[in-house]
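Report on the structure given below.
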Amino acid sequence: MRDDTQLVRGGLQRTGFDETAEALFLTSGYVYESAELAEAAFAGDADHYLYSRYGNPTVDMFEERLRLLEGAEAAWSTSSGMAAVFWSLAALLEQGDRVVASRDLFGSCFVILSELLPRWGIHAEFVDGADLAAWEAALTEPAAAVFFESPSNPMQSLVDVRGVSELAHSAGATVVVDNVFATPVLQKPLELGADVVVYSTTKHIDGQGRTMGGAILGSAPFIQER
927 MRDDTQLVRG
937 GLQRTGFDET
947 AEALFLTSGY
957 VYESAELAEA
967 AFAGDADHYL
977 YSRYGNPTVD
987 MFEERLRLLE
997 GAEAAWSTSS
1007 GMAAVFWSLA
1017 ALLEQGDRVV
1027 ASRDLFGSCF
1037 VILSELLPRW
1047 GIHAEFVDGA
1057 DLAAWEAALT
1067 EPAAAVFFES
1077 PSNPMQSLVD
1087 VRGVSELAHS
1097 AGATVVVDNV
1107 FATPVLQKPL
1117 ELGADVVVYS
1127 TTKHIDGQGR
1137 TMGGAILGSA
1147 PFIQER
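Sequential numbering from 927 applies to the sequence shown in this note's numbering.
Okay, structure coming up:
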């Protein structure tokens, strides 16, 4: 199915009213036909929505549409783009780990790497994202993850996604790409070798400054287990 079609129909779950647009499920909880069904649902033995913090039909449609556009195995939405960036890295890193990142980052992303992650004993090294030799030199030492934006926000600096991914994988590092500016319409980092893609959906996914949100996309094991 073409991206144009996925943009308007991907992941659509119509209700019994056969609406043409996505239904907005503005609810915190859900009802059950019986106490037995509720018990089974909360025990994880029945496929049923529990609470909108865990799952919501509208959110599921959003995640599935973005997953289809990105060509990812799985997607997970967050309350903001910075939540997506933080949790994608937190899932990969632990005390003593090292992450190599492009120097040209959105300000809040830089704060996560330079101020927040070091509180857990995680070291971040910043390089010129456009310089493959700089990446190669930085990746001669052990690194658990690589992080960059391409194009970067707001300076529009470009990183060779395929080239850096190959270097990172040779060093045993997982590649996380912030694809916020290009969106999956213009660039699909997973096809270029990245392992994880993150978005601030507040920006060009929404495009009109109406909502806040974020998303993490990658393999099913990464999204479901980490």
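The beta carbon of each residue, even a glycine, is placed where N, CA and C say it ideally should be.
Just so we're clear, the structure is a prediction, and the values are computed from it rather than from any experiment.
Residue i and residue j closer than 7 Å at C-beta
i, j, result
"Ser1164", "Leu1084", "Residue 1164 falls outside the range modelled here, since the chain spans only 927 to 1152, and no answer is possible."
"Gly937", "Arg1024", "no"
"Tyr1125", "Val1101", "no"
"Gly1007", "Gly1140", "yes"
"Gly1055", "Ser1096", "no"
"Ser1153", "Glu999", "With the chain covering only 927 through 1152, there is no way to say anything about residue 1153."
"Leu1018", "Ile1048", "no"
"Ser1014", "Val1103", "no"
"Leu1031", "Gln932", "no"
"Pro1110", "Val1087", "no"
Bridge-paired residues (DSSP) for residue i
i, result
"Thr1004", "Gly1140"
"Arg1045", "Answer by DSSP bridge pairing: none, since Arg1045 is not bridged."
"Glu965", "DSSP, once it has assigned bridges, lists no residue as partnering Glu965."
"Arg1024", "His1049"
"Val1124", "Asp1104 and Ile1142"
"Gly955", "Tyr977"
Helix, strand or coil at residue i [DSSP, three-state]
i, result
"Ala1071", "strand"
"Asp1104", "strand"
"Gly1033", "helix"
"Ser1145", "coil"
"Glu1051", "strand"
"Ser1091", "helix"
"Asp929", "helix"
"Thr941", "coil"
"Val1085", "coil"
"Thr946", "coil"
Rounded separation between residue i and residue j - CA only
i, j, result
"Ala972", "Tyr958", "11 Å"
"Gly942", "Ala1070", "47 Å"
"Gly1120", "Ser960", "A small correction: the amino acid at residue 1120 is Ala; Gly does not occupy that position in the sequence shown. Each residue's Cα considered, the two are about 45 Å apart."
"Leu1143", "Glu965", "31 Å"
"Ala967", "Leu976", "7 Å"
"Ala1010", "Gly1022", "22 Å"
"Gly970", "Ser1003", "21 Å"
"Trp1061", "Phe1073", "11 Å"
"Gln1082", "Tyr956", "44 Å"
"Gln1134", "Thr1128", "8 Å"
"His1130", "Arg1152", "27 Å"
"Arg979", "Ala1099", "31 Å"
"Pro1068", "His974", "43 Å"
"Phe988", "Leu1043", "29 Å"
"Phe1036", "Ala1050", "10 Å"
"Val1053", "Arg940", "47 Å"
"Asp1057", "Glu1041", "24 Å"
"Ala1001", "Leu1118", "18 Å"
"Asp929", "Ala947", "17 Å"
Any chain B beta carbon closer than 7 Å to residue i
i, result
"Leu992", "Protein chain content of the structure displayed is limited to a single chain, and chain B is not contained in it."
Check: Between the region 949-956 and the region 978-997, are three or more C-beta pairs nearer than 8 Å?
Finding: Touching, yes, given that three or more Cβ pairs across the two stretches are closer than 8 Å.
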